[in-house]
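**Student:**
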Amino acid sequence: MTAEFAGIERRLDELSERLARLKPLTDRPRIDFDKDPYLRDIVERNLQVSAQCCIDISHRIISIEGARKPIDYYDAILRMGELGVLQADFARRLAPLAGFRNVLVHGYVVVDWDEVYNALHRLEDLERFARSVRRWLANIASSSEDPD
7 MTAEFAGIER RLDELSERLA RLKPLTDRPR IDFDKDPYLR DIVERNLQVS AQCCIDISHR
67 IISIEGARKP IDYYDAILRM GELGVLQADF ARRLAPLAGF RNVLVHGYVV VDWDEVYNAL
127 HRLEDLERFA RSVRRWLANI ASSSEDPD
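When we follow the working numbering, the leftmost residue of the sequence shown carries the number 7, and every step to the right adds one.
1. Which value, in whole angstroms, describes the spacing of the CA atoms of G105 and R16?
2. With H, G and I counted as helix, E and B as strand and the rest as coil, what does DSSP make of G90?
3. Using the Cα positions of D33 and N124, report the straight-line distance between them to the nearest angstrom.
4. Looking at C-beta atoms only, is the number of pairs between the stretch 53 to 64 and the stretch 12 to 27 that lie closer than 8 Å three or more?
5. With L100 and L28 assumed to form a contact (beta carbons below 8 Å), what rounded beta-carbon distance in angstroms separates them?
6. Do you know offhand how far I14's Cα is from D81's?
7. Verify the CB distance criterion: does Y44 have a CB-CB separation below 9 Å to chain B?
8. Assuming E50 and L110 make a contact with CB atoms under 8 Å, what is their CB distance in whole Å?
9. So what's K75 in DSSP terms, helix, strand or just coil?
10. Please state whether the Cβ-Cβ distance between I37 and S64 is less than 9 Å.
11. Can you tell me whether S161 is buried or exposed, with buried defined as 16 or more other CB within 10 angstroms of its CB?
12. So, at 8 Å on beta carbons, what are the nonlocal neighbours of V139 in its own chain, with the 5 sequence-adjacent residues on each side left out?
13. Report the rounded CA-to-CA distance for R134 versus D120, giving the unit in angstroms.
If you want it as structure tokens, here you go:
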């Protein structure tokens, strides 16, 4: 891949690493989550970075595609559906991730731990996002190799 796509690939690698850290924690019962502030911190931080990776990737792809600049992070994820990188219905379902990220970054005093715990059990959405972006990258790579 060219340097143009290196940032996307780095963020996909980071997303994969964060998901690998979170995956084993999905088996932990809610009572452990409620009792252990260190566990909550680990989950919160890894979800925050995962969400930021998705947002950063979305902005970079929008730029590469020359699409209209999104008005906010939510709109950036929706734009991924408009561009066909994500299925439109999936983009609409994933877009609230932007608000969730904002709460984690700015609302640390009033974090909704139910929402964090529930997000821990929806990692498949982040995995699907990564697969869709990798597919987009593969399509871009193969079309740039096509001599016609």
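Glycine included, every Cβ here is placed at the ideal spot set by N, Cα and C.
**Tutor:** Short version:
1. Within the model, the alpha-carbon separation for G105 versus R16 is close to 23 Å.
2. Secondary structure at G90: coil, using DSSP grouped into helix, strand and coil.
3. When rounded, the distance between both Cα atoms is 12 Å.
4. Counting Cβ pairs under 8 Å, three or more are found: they touch.
5. The distance from the Cβ of L100 to that of L28 is about 16 Å, inconsistent with a contact at the 8 Å cut-off.
6. Distance between I14 and D81, taken at the CA atoms: about 18 Å.
7. The structure shown contains no chain B, having only a single protein chain.
8. Their Cβ separation, rounded to whole angstroms, is 6 Å, which keeps E50 and L110 in contact under 8 Å.
9. K75: coil per DSSP, three-state reduction.
10. No.
11. No answer is possible for residue 161: the residues shown for the chain start at 7 and end at 154.
12. Cβ within range, chain order: I14, L18, I63, I67, V91.
13. For R134 and D120, the gap between their C-alpha atoms comes out near 23 Å.
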